[in-house]
Amino acid sequence: MRVDLHVHTNFSDGKNSPVEMIAGAKRAGLGAIAITDHNTVEGWKNLNLRPNGFIVLPGTELSTDKGHVILVGIKDMPPTKILEELLDWVKDNNVFAAAAHVYDLPFRNPMGDYAFEVFKVIEAMNGQTPRHMCKRAISAAVKNNIKYLCNSDAHKVQHLGTYYNNVPGETAEELMDNLLKGNFEPLLKLPHSFDFVSKRIF
Ligand SMILES: [Zn+2]
Ligand SMILES: [Zn+2]
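In case it helps, this note's numbering puts the sequence shown at residues 995 to 1196.
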């Protein structure tokens, strides 16, 4: 199913509520999203509806000492923001982790080259990152033989639906299992306004 693993709500700097983002994601043809607000899991925790036929994975986008990291499959915040400690915790707790928008503008706190030394998965395509930086991340992932993701980093409903990954599974548990095993494929389709760029990049 189509899964977007990087979605913000008004529990951090997103414009829409979790319920609005879920409705928007359903309309856009996604089967699941991870709510990954900055340094909080409250959006998922406060969700009292469990939508029919749509999966919401709990997550966060953590500001670590080395850059932004997406964590999926957590119901409480991790005990540390120090990357090395975090990666140990991730391993011990079956959490899916990916360095977010590894090459990006400095104010977005990308991890850069170091991500390829310590992560099994990185986010290469990000809907809010300049195209040439996404392209650079894809090339580096291929070169380092590392799996990569394609996520929207949606901060409002309108950002949803164009960036996602195909992950096998019908339940949250199956999706988590396949993510952890690396069984997923990113969709490398760019929005129509970027078609002229995509022809050159891909
Ligand atoms: Zn970020
Ligand atoms: Zn983000």
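All C-beta atoms in this analysis are idealised placements derived from N, C-alpha and C, irrespective of residue type, glycine included.
| Check | Outcome |
| --- | --- |
| Extent of the continuous alpha helix (DSSP H) to which residue 1175 belongs | 1166 to 1175 |
| Reduced DSSP category for residue 1062 - H, G, I as helix; E, B as strand; rest coil | strand |
| Classification of residue 1133 by the beta-carbon crowding that lies within 10 angstroms, buried from 16 upward | exposed |
| Any heavy atom of ligand 1 nearer than 7 Å to the CB - residues listed | 1055, 1062, 1094, 1095, 1102, 1103 and 1147 |
| Residue 1029 vs residue 1038 beta-carbon contact at 8 Å | yes |
| Contact check, residue 1002 vs residue 1095, beta carbons under 8 Å | no |
| Close Cβ partners of residue 1104 (< 6 Å) along its chain, the five nearest in sequence each way excluded | 1061, 1095, 1096, 1097 and 1098 |
| DSSP-derived helix/strand/coil call for residue 1132 | helix |
| Exposure label - residue 1147; buried when at least 16 CB within 10 Å | buried |
| Check: residue 1126 C-beta below 7 Å from any heavy atom of ligand 2 | no |
| Member of 1024, 1055, 1004 and 1017 whose CA lies at the smallest distance from the CA of residue 1040 | 1004 |
| Which residues DSSP lists as bridging residue 996, in chain order | 1160 |
| For residue 1113 and residue 1093, the rounded distance between their alpha carbons | 7 Å |
| Residues near residue 1025 in its chain [Cβ-Cβ closer than 6 Å; skip 5 each side] | 995 and 996 |
| Residue closest to residue 1056, alpha-carbon to alpha-carbon, out of 1049, 1042, 1089 and 1046 | 1089 |
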